[in-house]
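A short write-up of the structure that comes next.
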């Protein structure tokens, strides 16, 4: 089961988090992925695989540092949890 939630940022950009829950042999696992929609753009992009975005934004941002790009740069753990809880309410497990 999957669920998507869109968060709007102060600069007008949007972040879409897609969360999913899958169960196998009585074990449940959560997963998520994120997509960005820049200001004045109609296209959702994956910030980790879109080569144009990586070249234009990510490489210059982390050029002279040992830091690297991660999910934390786009969405907070609280926002991910919010999307998970919405999915949980939709499923309403017994």
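Residue numbers (the numbering used here): 27 to 120.
Even glycine gets a Cβ: it sits at the ideal position worked out from N, Cα and C.
Small disclaimer: the values here were computed from a predicted structure and weren't measured.
Exercise for review: Flag residue 98 as yes when its Cβ comes closer than 8 Å to any non-hydrogen atom of the ligand GDP, and as no otherwise.
Suggested key: You won't find the ligand GDP in this model; it holds no ligand whatsoever.
**Study point:** Span separating the alpha-carbon of residue 73 from that of residue 52
**Key:** 33 Å
Check your understanding: Excluding sequence positions up to five away, which residues of its chain have a Cβ less than 6 Å from the Cβ of residue 101?
Key -> 41, 43, 60
Point to revise | For residue 69, the three-state DSSP class (helix, strand or coil) | key: coil
Review point. With distances taken from CA atoms, which of 64, 105, 68 is nearest residue 82?
Key: 64
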